[in-house]
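In the working numbering, the protein residues as written are 21 to 165.
For each residue, glycine too, the CB sits at the ideal point set by N, CA and C.
One structure is given here, and the rest of the page talks about it.
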């Protein structure tokens, strides 16, 4: 993606439509400002990183438009105007009771959120997470044992 920035708008629209279908939502429009932020982002994680941003934005978007704020919140890792303190429910420490979560805790949280968003449909949840259904099943089996 870093070398083919001209492909980003088409990929964003495709990924937004795919995510919206998986979530049983209308495909949102993407504001010009949001698209500009995405086009200027370095995308170290390449297409997987872009997909994660778009799935998150589709899940959180209201009024059928992915806005600059939705993208900026994901790029910075916090809600605009928030400082990310332990008492802030939108920060990682706020979500995890005042401590910075381990990677395992984050993964468990993400799996739970994806399953909730997909109404416990493991195939849909695995698509939201960007992993195979088998990988999700293995993670759930490991968690229950």
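Residue i versus the options, residue with shortest Cα-Cα distance
| i | options | result |
| --- | --- | --- |
| residue 151 | 57, 86, 95 and 69 | 69 |
| residue 143 | 129, 127 and 160 | 160 |
| residue 57 | 47, 48, 73 and 135 | 73 |
| residue 128 | 154, 163 and 71 | 163 |
| residue 51 | 81, 135, 134 and 23 | 81 |
| residue 134 | 49, 158 and 42 | 42 |
Neighbourhood of residue i by C-beta distance below 8 angstroms, restricted to the same chain and skipping five residues each side
| i | result |
| --- | --- |
| residue 54 | 77, 86, 87, 88, 90 and 91 |
| residue 44 | none |
| residue 31 | 21, 67 and 70 |
| residue 140 | none |
| residue 35 | 70, 71, 74 and 75 |
DSSP bridge partner residues for residue i (one or two, in chain order)
| i | result |
| --- | --- |
| residue 86 | 50 |
Cβ shell of residue i (< 7 angstroms), same chain only, five flanking positions each side left out
| i | result |
| --- | --- |
| residue 153 | 142, 143 and 146 |
| residue 95 | 57 and 61 |
| residue 138 | 144, 145 and 148 |
| residue 130 | 149 |
Where the alpha helix (DSSP H) containing residue i begins and where it ends
| i | result |
| --- | --- |
| residue 45 | That residue, residue 45, is in no alpha helix (DSSP H); it is neither H nor E in DSSP. |
| residue 146 | 142 to 149 |
| residue 152 | Here residue 152 belongs to no alpha helix (DSSP H), and DSSP marks it neither H nor E. |
| residue 76 | 66 to 80 |
Cβ-based neighbour list, residue i, same chain, cut-off 6 angstroms, excluding 5 preceding and 5 following
| i | result |
| --- | --- |
| residue 59 | 25 and 28 |
| residue 64 | none |
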